[in-house]
Amino acid sequence: MKRPSYVTDERLYHFIDEAIKEDIGDGDHSTLASVPADLQRRARLLIKHDCILAGVDLAQEIFHYYDKSLKIEVYKNDGDSVKEGDIAFIVSGSARSILTMERLVLNCMQRMSGIATYTHEMVELLADTNTRILDTRKTSPIFRMCEKWAVYIGGGKNHRYGLFDMVMLKDNHNDYAGSITNAVQATVKYLKEIGKDLQIEVETRNLKEVEEALATKAVDVIMLDNMSIFEMAAAVQLINGAVKVEASGGITKESVHAIAETGVDYISSGAIIYAAPNIDLSLKAF
Numbered sequence: 012m013k014r015p016s017y018v019t020d021e022r023l024y025h026f027i028d029e030a031i032k033e034d035i036g037d038g039d040h041s042t043l044a045s046v047p048a049d050l051q052r053r054a055r056l057l058i059k060h061d062c063i064l065a066g067v068d069l070a071q072e073i074f075h076y077y078d079k080s081l082k083i084e085v086y087k088n089d090g091d092s093v094k095e096g097d098i099a100f101i102v103s104g105s106a107r108s109i110l111t112m113e114r115l116v117l118n119c120m121q122r123m124s125g126i127a128t129y130t131h132e133m134v135e136l137l138a139d140t141n142t143r144i145l146d147t148r149k150t151s152p153i154f155r156m157c158e159k160w161a162v163y164i165g166g167g168k169n170h171r172y173g174l175f176d177m178v179m180l181k182d183n184h185n186d187y188a189g190s191i192t193n194a195v196q197a198t199v200k201y202l203k204e205i206g207k208d209l210q211i212e213v214e215t216r217n218l219k220e221v222e223e224a225l226a227t228k229a230v231d232v233i234m235l236d237n238m239s240i241f242e243m244a245a246a247v248q249l250i251n252g253a254v255k256v257e258a259s260g261g262i263t264k265e266s267v268h269a270i271a272e273t274g275v276d277y278i279s280s281g282a283i284i285y286a287a288p289n290i291d292l293s294l295k296a297f
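Sequential numbering of the sequence shown, starting at 12, is according to our numbering.
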């Protein structure tokens with residue numbers, strides 16, 4: 012599976028380097044004490060729960076970053092639907108290197124597979140609609156790249172990566188600015204001054220705010236935040252295709268289809284990341 016554009020070598024290697032430093036410190040003393048330096052062994056990544064697999068690409072990068080001599084035979088790829096008992100890959104080479112990287116690889120893959128699985132379930136619920144599932148910035152600090160990557164693997168669409176690649180004027184921005192109109196006008200002026208061409212999204216709480224956001228004629232996306240199904244349907248009719256529409260707030264598997272039926276273009280869900288359970292995986296020597 013092709014990597015999303017934000018998974019750059021710079022971000023990838025920075026994350027791996029910091030994660031290794033955090034775990035190893037001045038040495039993996041358990042392994043150094045008990046395992047001979049020249050011992051060569053194999054281990055297999057065992058799937059212990061049905062899921063959408065994610066993190067295989069990252070696991071290879073982690074193993075090779077730490078020890079380029081390790082060899083990995085891949086049997087299941089990112090995005091594959093896997094079953095309990097399946098083997099994702101076999102890693103072979105230095106027993107010490109395998110053991111030292113074991114927990115980092117498992118932590119990443121278990122978390123990413125959980126997110127990819129949850130995202131896939133949400134996406135499947137909307138298979139008969141034209142609405143796309145978006146993630147949010149409700150991510151774990153430093154682990155955002157991996158969490159958003161997992162959403163991508165699960166079939167979701169990534170929203171903005173951070174604060175720098177899109178303007179999102181939320182209720183607090185608008186309240187501090189005095190109104191949606193003030194916030195949008197100031198944003199248009201600011202972007203012109205700094206020479207940036209960024210999309211502008213505005214959060215709205217009711218139909219009056221939707222009308223105000225539309226009237227600016229400078230907004231690319233209108234977010235409908237915590238509105239009822241009736242309000243969302245009315246807002247979509249009011250907007251009438253002039254801009255993209257995103258629904259947000261309290262999205263659940265039970266409510267997501269009814270929300271999509273209102274005609275919104277996107278449904279953003281923080282839960283596909285923060286509420287996703289880890290998937291049980293293990294790395295077993297053999």
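Ideal placement from N, C-alpha and C gives every residue a C-beta, glycine not left out.
Counting only the same chain and skipping the five closest in sequence on each side, list residues whose C-beta sits under 8 Å from that of residue i.
i      : result
Gly261 : Asn237
Asp176 : Leu209
Pro15  : Lys159, Trp160, Tyr163, Asn169
Lys255 : Asp231, Val232, Ile233, Asp276, Tyr277
Ile299 : Residue 299 lies beyond the stretch modelled for the chain, which goes from 12 to 297, so this question has no answer here.
Asp37  : none
Phe297 : Arg53, Ala54, Arg55
Can you have a look at residue i and say buried or exposed, based on whether 16 or more other CB atoms are within 10 angstroms of its CB?
i      : result
Ser80  : exposed
Thr128 : buried
Leu69  : buried
Gln121 : buried
Tyr6   : With the chain represented from 12 up to 297, any question about residue 6 goes unanswered, as that position is not in the structure.
Tyr77  : buried
Met12  : exposed
Asn141 : exposed
Tyr277 : buried
Glu257 : buried
Glu135 : exposed
Glu220 : buried
Leu235 : buried
Leu50  : exposed
Ile109 : buried
Phe241 : exposed
Ala194 : buried
Ile283 : buried
Ile73  : buried
Ile205 : exposed
What residue from the options has the CA that sits closest to residue i's CA?
i      : options                        : result
Asn217 : Asp231, Val199, Ile250, Lys207 : Ile250
His60  : Leu50, Asp231, Gly125, Val46   : Gly125
Thr42  : His75, Glu113, Asp28           : Glu113
Met156 : His75, Ala65, Glu204, Arg107   : Ala65
Leu292 : Arg55, Val18, Val195           : Arg55
Val67  : Ser92, Gly173, Pro288, Pro47   : Ser92
Gln71  : Gly167, Ala245, Cys119         : Cys119
Gly167 : Ile211, Leu115, Asp49, Gly281  : Gly281
Asp39  : Ile283, Glu257, Leu137, Thr111 : Thr111
Ala287 : Ala44, His131, Glu21, Ala48    : His131
Arg143 : Tyr285, Ala296, His268, Phe297 : His268
Thr192 : Val213, Lys94, Glu21           : Val213
Val199 : Lys149, Val230, Phe241         : Val230
Val247 : Glu265, Val116, Gly274         : Gly274
Leu117 : Ala296, Ile290, Phe297         : Ile290
Leu174 : Ala244, Val195, Ile211         : Ile211
Ala271 : Tyr201, Met243, Asp49          : Met243
Thr150 : Gln51, Tyr285, Ser266, Ala44   : Tyr285
Thr215 : His75, Asp139, Ile233          : Ile233
Met133 : Ala296, Ile205, Glu265, Tyr201 : Glu265
Lys228 : Gln51, Leu235, Gln196, Tyr201  : Gln196
His75  : Phe297, Leu115, Leu57, Ala44   : Leu115
Indicate, with yes or no, if the ligand SAM has a heavy atom lying under 6 Å from the CB of residue i.
i      : result
Lys295 : No copy of the ligand SAM occurs in the structure displayed, which carries no ligand at all.
Please work out which residues of its chain come closer than 7 Å, Cβ to Cβ, to residue i, disregarding the five sequence neighbours upstream and downstream, and give them in chain order.
i      : result
His170 : Leu145, Asp146, Thr147, Ser279
Thr253 : A quick correction: the sequence has Ala, not Thr, at residue 253. Same-chain partners within the cutoff: Leu225.
Cys62  : Val93, Ser124, Thr128, Ile290
Ala48  : Arg107
List the DSSP bridge partners of residue i.
i      : result
Gln196 : Looking at the DSSP assignment, Gln196 forms no beta bridge with any residue, so it has no partner.
Asp236 : Ser259
Gly104 : Arg52
Ala296 : Ala54
Leu145 : Lys168, Ser279
Lys82  : Ser103
Met179 : Glu212
Val93  : Cys62
Ile284 : Beta-bridge pairing links Ile284 to no other residue.
Ile98  : Leu57
Between which residues of its own chain and residue i is the CB-CB distance below 6 Å, once the five residues before and five after are set aside?
i      : result
Val46  : Ala106, Arg107
Ser103 : Arg53, Lys82
Gly165 : Ile63, Ala127, Thr130, His131
Leu137 : Ala271
Taking Cβ positions only, does residue i come closer than 7 Å to chain B?
i      : result
Ile205 : Protein chain content of the structure displayed is limited to a single chain, and chain B is not contained in it.
> Can you find at least 3 beta carbon pairs, one from the region 93–104 and one from the region 151–162, that sit closer than 8 Å?
Replying inline: No, the region 93–104 does not touch the region 151–162.
> Is the region 257–271 in contact with the region 28–43, if contact means three or more CB pairs nearer than 8 Å?
Replying inline: Taking a contact to require three or more Cβ pairs closer than 8 Å, the region 257–271 and the region 28–43 do not qualify as touching.
>> Between the region 165–185 and the region 209–227, can you find at least three pairs of beta-carbon atoms closer than 8 Å?
In response: The region 209–227 makes contact with the region 165–185: 3 or more CB pairs, one atom from each, lie closer than 8 Å.
>> Could you check whether the region 80–91 touches the region 17–28, counting it as contact only if at least three pairs of C-beta atoms, one from each stretch, sit closer than 8 Å?
In response: The region 80–91 vs the region 17–28: no contact.
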